[in-house]
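Sequence order for the protein chains is A and B.
For the first sequence, the tail end lands on 307 under the numbering used here, and the numbers increase by one without skipping.
For the second sequence, the tail end lands on 665 under the numbering used here, and the numbers increase by one without skipping.
Structure first, then comments.
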Amino acid sequence: MAGRGMAREIEPAISARGVIKSFGRQRVLDSLTVDIPYGVTYCLLGPNGSGKTTFIRAIVRLLHLDGGEMSVLGRPVSEVDEIYSQIGYMTQHKALYPDLTVQENMEFYAGLYGLKKQQRVARLEELLEMVDLSEHSGRLAGALSGGMYQRLSLACTLIHEPELLLLDEPTVGVDPRLRQTFWEYFGRLTQEGKTVLITTHLMDEAEKCQRVGYMRAGRMAAEGTPEEILRQAGLRPILKLWLAEPERDAVLLRAEGYEIDVVGGVVQVRLESHARIKEVLAAVSPLDMRLAEPKLEEAFLRLSEAA
Amino acid sequence: MNPSPARAGVVALRVVRQLKRDRRTIGLIVFAPIVLMILFGYALSGDMSGVHLGLVDGGGHAALRAHLVSIQDFDILRLGSESDAERLISEGRLDGAVVLGPEGVRVLLDSSSLQIAGAIAAAVQAGAAKEKTGLQTAGQQKAQESAITTRYIFGYDLVMMDTVGPAILGLVVFFFTFINAAIAFIRERSQGTLEKFMVSPLSRVEMVSGYVLGFSLFTILQSATTLFVVTFGFGVPLRGSPITALAVVLLLGAGALVLGSFFSNFARSEFQVVQFIPLIITPQIVLCGIWWPLESVPEFIRPFSYMLPLTYAAHALRAVMLKGAGVADILYPDLLALGIFFLIFSAAATMMLRREVA
Numbered sequence: 001m002a003g004r005g006m007a008r009e010i011e012p013a014i015s016a017r018g019v020i021k022s023f024g025r026q027r028v029l030d031s032l033t034v035d036i037p038y039g040v041t042y043c044l045l046g047p048n049g050s051g052k053t054t055f056i057r058a059i060v061r062l063l064h065l066d067g068g069e070m071s072v073l074g075r076p077v078s079e080v081d082e083i084y085s086q087i088g089y090m091t092q093h094k095a096l097y098p099d100l101t102v103q104e105n106m107e108f109y110a111g112l113y114g115l116k117k118q119q120r121v122a123r124l125e126e127l128l129e130m131v132d133l134s135e136h137s138g139r140l141a142g143a144l145s146g147g148m149y150q151r152l153s154l155a156c157t158l159i160h161e162p163e164l165l166l167l168d169e170p171t172v173g174v175d176p177r178l179r180q181t182f183w184e185y186f187g188r189l190t191q192e193g194k195t196v197l198i199t200t201h202l203m204d205e206a207e208k209c210q211r212v213g214y215m216r217a218g219r220m221a222a223e224g225t226p227e228e229i230l231r232q233a234g235l236r237p238i239l240k241l242w243l244a245e246p247e248r249d250a251v252l253l254r255a256e257g258y259e260i261d262v263v264g265g266v267v268q269v270r271l272e273s274h275a276r277i278k279e280v281l282a283a284v285s286p287l288d289m290r291l292a293e294p295k296l297e298e299a300f301l302r303l304s305e306a307a
Numbered sequence: 308m309n310p311s312p313a314r315a316g317v318v319a320l321r322v323v324r325q326l327k328r329d330r331r332t333i334g335l336i337v338f339a340p341i342v343l344m345i346l347f348g349y350a351l352s353g354d355m356s357g358v359h360l361g362l363v364d365g366g367g368h369a370a371l372r373a374h375l376v377s378i379q380d381f382d383i384l385r386l387g388s389e390s391d392a393e394r395l396i397s398e399g400r401l402d403g404a405v406v407l408g409p410e411g412v413r414v415l416l417d418s419s420s421l422q423i424a425g426a427i428a429a430a431v432q433a434g435a436a437k438e439k440t441g442l443q444t445a446g447q448q449k450a451q452e453s454a455i456t457t458r459y460i461f462g463y464d465l466v467m468m469d470t471v472g473p474a475i476l477g478l479v480v481f482f483f484t485f486i487n488a489a490i491a492f493i494r495e496r497s498q499g500t501l502e503k504f505m506v507s508p509l510s511r512v513e514m515v516s517g518y519v520l521g522f523s524l525f526t527i528l529q530s531a532t533t534l535f536v537v538t539f540g541f542g543v544p545l546r547g548s549p550i551t552a553l554a555v556v557l558l559l560g561a562g563a564l565v566l567g568s569f570f571s572n573f574a575r576s577e578f579q580v581v582q583f584i585p586l587i588i589t590p591q592i593v594l595c596g597i598w599w600p601l602e603s604v605p606e607f608i609r610p611f612s613y614m615l616p617l618t619y620a621a622h623a624l625r626a627v628m629l630k631g632a633g634v635a636d637i638l639y640p641d642l643l644a645l646g647i648f649f650l651i652f653s654a655a656a657t658m659m660l661r662r663e664v665a
């Protein structure tokens, strides 16, 4: 285990170098290069058909690469079959048996991963509570609502406490309150050193991740922490000021070197960093103010336009 | 990773849980064979009409052959060899046979129905007499006369249901297992569970063996009820051990399961599975020797009959039920052929499981 501890510091959990995959004439992964470190929640964003699901399926070797190199948990991807017990994979097709009950579905997956009875009972109880299905354990999976079905699928994916979680759109159809619970749970997992890779369409979810990769046409269009991505896109926080004499103060601030726009009598200052707020407030005394943080969505729009 | 019986057991338990909950399928598995048997039983329980006479034509004796063929009561079945004829008589499927050859005429008769045997012997004598008048010299006539030999074989006096019943037991199991397995594997794909298995410690061999185990329980249930109806309802003899009969059926069922799994790769929906029935099931019904003996199937199609598992299962079940054969008697070729069929298609099904995802 000491050896692996060392490896963790050097190697990422998933590393892809120039990965290529084509389906017929269409190149779905086009020299994709990315490192996903251990112990983070990593969000893969991107429009439909950008290659997110293909990338996840390549990680678990459900398809063979046409080129490039990839390693998963310190092993070349060709050996990934040997560490399947450390991977939790949740597909977009929920992978449940509608004619089994909630509990039977979970017991089945627990059995596949060889969980002993005592361990299984405790794990089932914990996960049922996490996905808020304790009261429905005897219900047929086929009779659950869409969101419940999704939650059960997540619980089945987590049953064997995997080191690496690959979740393809795990929060589709899950209500906001429960989504919050999921994210808290993912946070706990990364604190334990587990790695969570998630694909999503939801920008607000991406902002909860430690790292974000934005895929377009099989490549990483942008990659890093949410803050790094905003910076890459040239997006900065904007301080909106309601002033008694907006025209005069705008001239004043411009003279001090700030980028200023006046929109409908409101002075908008583009900040280099949040630290400069204090300096702005030393120069003018606003009647009211608001800080507008840049949105990841805007950053991605800009970045994809640039690409 | 080494195959683990425990993981296969987990799959088996799941298959049982699913089928158990599916009452309609259970009903179909158990009651459909009973209904089928009752229908066949009443339709086929009469005595076989006419005299079933085998004819092995080794050349010559044109007048005798023409005479036999011209007799209205005789239902002539052309056979390839004397040993085929002998076997069919001993199984009760022919009343007798005439073997024509350059060295003479041999008449095989079933000792269990002497009246019919007498009729056949008389017809052969009459035919031979006709042939004699057509011959030129006294020497030729003499040679002809001495060349007719008669041999009695111990056969059965069977009704049609007796010979068809055991084979139908096999057909029923094959049909339902094939369809159910193909549908189950289609669902594994469309539900996404197959993809998830591929990313789990469960190996393909464990998955297929889990299915074989789980389905076997239902095969036993199905064949036991069918066997019960056939023997107690219709008085088909069960001279051998029911355990041996079940073993044959289980091996056949395992073959049908892997065949279903293999063919599920070529169907996109449950509906398309139904379309396999004319392709996979019908040839077996026609060619496996349930309704008419294999020996009467044209020779160029016969090799095909010997590639079908139901051919061997039907033969083995007849041997066990009608002749009291034990495992040792049906080991070769029947159990061996069923075993080989199972192994070939489990390898193919296992390979296709991976191919589908990659």
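For every residue, glycine included, the Cβ atom is placed at its ideal position computed from N, Cα and C.
Keep in mind it's a predicted model, so treat the numbers as computed, not measured.
Secondary structure of residue i, DSSP reduced to three states
i	result
TRP598/B	coil
CYS156/A	helix
ALA632/B	coil
PHE23/A	strand
PRO12/A	coil
THR195/A	strand
PHE535/B	helix
ALA222/A	strand
VAL317/B	helix
PRO544/B	coil
ALA454/B	coil
SER497/B	helix
Residue i: contacting residues in chain A (beta-carbon distance under 8 Å)
i	result
THR500/B	ALA95, LEU96, TYR97
Amino acids of chain A, ordered along the chain, whose beta-carbon sits closer than 7 Å to that of residue i
i	result
GLN325/B	TYR97, ASP99, LEU100
ALA329/B	Here residue 329/B turns out to be Asp, not Ala, going by the sequence shown. Those are ASP99, listed as they occur along chain A.
Within chain B, partners of residue i - CB distance below 7 Å
i	result
GLU104/A	ARG324
THR91/A	GLY499, GLU502, LYS503
VAL60/A	VAL506
PHE108/A	VAL317, ARG321
GLY224/A	Result: empty, since nearest Cβ-Cβ is about 28 Å, beyond 7 Å.
GLY147/A	In chain order: nothing, as chain B lies at least about 17 Å away.
Cβ pair residue i, residue j closer than 9 Å
i	j	result
LEU416/B	ALA424/B	yes
VAL318/B	GLY562/B	no
SER134/A	MET70/A	no
PRO384/B	MET505/B	Note that residue 384/B is Leu in the sequence shown here, rather than Pro. No; because the gap between Cβ atoms is not below 9 Å, this pair is not in contact.
LEU165/A	THR157/A	yes
HIS160/A	GLY88/A	yes
PRO473/B	VAL627/B	yes
ALA620/B	LEU564/B	no
VAL406/B	GLY366/B	no
THR199/A	LEU167/A	yes
ILE475/B	VAL414/B	no
PRO170/A	LEU144/A	no
LEU617/B	PHE525/B	no
PHE381/B	VAL358/B	yes
Residue i burial status per 10 Å Cβ neighbour count (16 or more: buried)
i	result
ASP402/B	buried
MET514/B	buried
PHE23/A	exposed
GLN150/A	buried
HIS274/A	exposed
PHE652/B	buried
ILE345/B	exposed
GLU293/A	exposed
PHE611/B	exposed
LEU371/B	buried
VAL34/A	buried
Under 8 Å by beta carbon: chain B residues contacting residue i
i	result
SER85/A	SER507, PRO508
GLY46/A	Chain B residues near GLY46/A: none, gap ~21 Å exceeds 8 Å.
Contact list for residue i against chain B, beta-carbon separation under 9 Å
i	result
GLY111/A	ALA313, ARG314, GLY316, VAL317, VAL318, LEU320, ARG321
GLY51/A	The contacting residues do not exist; GLY51/A stays about 17 Å from chain B at best.
GLY24/A	Result: empty, since nearest Cβ-Cβ is about 15 Å, beyond 9 Å.
GLY142/A	By Cβ distance, chain B contributes nothing, its closest Cβ being about 10 Å from GLY142/A, past 9 Å.
GLY218/A	Per Cβ cutoff of 9 Å: no residues; GLY218/A is ~19 Å from chain B at best.
Residue i: CB within 8 Å of a non-hydrogen atom of the ligand ATP
i	result
VAL172/A	With respect to the ligand ATP, the structure shown offers nothing to examine, as it has no ligands at all.
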